[in-house]
Amino acid sequence: MSSLAAAVEFDRVSKAFGDRVVLQDVSFAIAPGTAFGVLGRSGTGKSVTLKHIIGLIRPDAGRVLVHGEDITELRPRALARVRRRMGFLFQEAALFDSITVGENVAFPLRRHTRLGEAAIVARARQRLADVELSDAFDAMPADLSGGMRKRVGLARAMVLDPDILLVDEPSAGLDPITSREIDGLLIGLRRAGTTLVVVTHNIPSARAIADELAVLGDGRIVARGTAADLDANPDPLVQAFMRAGTGG
Ligand SMILES: Nc1ncnc2c1ncn2[C@@H]1O[C@H](COP(=O)(O)OP(=O)(O)O)[C@@H](O)[C@H]1O
Ligand SMILES: [Mg+2]
4 MSSLAAAVEF DRVSKAFGDR VVLQDVSFAI APGTAFGVLG RSGTGKSVTL KHIIGLIRPD
64 AGRVLVHGED ITELRPRALA RVRRRMGFLF QEAALFDSIT VGENVAFPLR RHTRLGEAAI
124 VARARQRLAD VELSDAFDAM PADLSGGMRK RVGLARAMVL DPDILLVDEP SAGLDPITSR
184 EIDGLLIGLR RAGTTLVVVT HNIPSARAIA DELAVLGDGR IVARGTAADL DANPDPLVQA
244 FMRAGTGG
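Counting in this note's numbering, the sequence shown runs without a single skipped number right up to 251 at its last residue.
Written as structure tokens, this is what we have:
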């Protein structure tokens, strides 16, 4: 594991569910501290890709490396150690509805650290303040708007100060203004040195956040590069993506 290791690397990863081939020989590497955007039509394996990075799904062939360490063969305890350095925000924010917003954010601290009660509450409050939801500590998730829930999800994903943050469609279901607020938070994290992997359908968002983009299609990376590279890519699928979604 050299210090030059990619934050995340796929080395010829293949994955099928039954006879449905989702990823076929996919390779890419994400430099530490950069933001990587993943584009692709529904069902092309974007979420499956994120789930490989946190080891929720294991590849049929190939390797997934995190900071140079192959995680595909790790036992649960070792995998938990790697995962602790990652934050993830799933598409549906996936908050626990029966506990308060503050307890949602505190949850990873209770689970993965031995911090005392006062430190846990202080840290959870700080993360809520970071997403401008200081007042929501005692609220229940059901009382929040979609954008607020997303921000709580982000606060929870960041509460352990992960160096890699995985985000699945952060702007799905949000209005353009809220969506830009989420983008702003992600850009701030990236500036602070967090490696981001962001799945998105929102091209303006992808342009704003990502240093590099990859377009998934037919189990492969159809194109990869900066937004400017993809703008200049003649592939019709790439063009369809880059010219779409000027609204958000
Ligand atoms: N755990 C699973 N079991 C079976 N099929 C799955 C599983 N997860 C994803 N798939 C299938 O893999 C394909 C890619 O899914 P996904 O990565 O969720 O797509 P998307 O690009 O929309 O995020 C879909 O056909 C989906 O039905
Ligand atoms: Mg998905």
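Positions of the beta carbon are idealized from the N, C-alpha and C atoms, including for glycine.
All values derive from a computational prediction rather than experimental measurement.
Proximity test, Lys-153 beta-carbon vs ligand 2 heavy atom, cut-off 6 Å: no
Given Ala-98 as reference, the closest of Gly-156, Val-24, Glu-215 once Cα atoms are compared: Inspection of the sequence shows that residue 98 is occupied by Leu rather than by Ala. Of the listed residues, the one whose Cα sits closest to Leu-98 is Gly-156.
Rounded separation between Asp-22 and Thr-47 - CA only: 15 Å
In chain order, each alpha helix (DSSP H) run of at least 4 residues that lies wholly inside the region 27-97: 49-56, 79-86
Check: Thr-203 C-beta below 6 Å from any heavy atom of ligand 1: no
First through last residue of the alpha helix (DSSP H) which encompasses Gly-156: 149-161
Residue(s) in a DSSP beta bridge with Asp-166: Paired residue(s): none; Asp-166 is not in a bridge.
CB of Val-201 within 7 Å of CB of Val-225, strictly: No. Outside cutoff.
Burial state of Ile-102 (16 or more Cβ within 10 Å): exposed
Start-to-end residues for the alpha helix (DSSP H) that takes in Thr-181: 179-194
At least 3 beta-carbon pairs within less than 8 Å: the region 192-200 vs the region 38-58: yes
For review: beta carbons within less than 6 Å of any heavy atom in ligand 3: Ligands in the displayed structure: ligand 1 and ligand 2; ligand 3 is not one of them.
Host beta strand (DSSP E) of Gly-220 (start-end): That run of the beta strand (DSSP E) goes 215-220.
Straight-line gap, Arg-1 to Asp-73 (C-alpha atoms, nearest Å): No statement about residue 1 is possible, as the shown extent of the chain runs from 4 to 251 and does not include it.
Per-residue burial, Gly-196 [other beta carbons within 10 Å of its own, 16 or more giving buried]: exposed
Where Phe-13 sits in the DSSP three-state scheme: strand
For Glu-44, the nearest candidate out of Ala-211, Ser-30, Asn-205 (CA to CA): For clarity, residue 44 is Arg in the given sequence; the question names Glu instead. With distances taken between Cα atoms, Arg-44 lies closest to Asn-205.
DSSP three-state assignment for Val-201, whether helix, strand or coil: strand
Reduced DSSP category for Ile-123 - H, G, I as helix; E, B as strand; rest coil: helix
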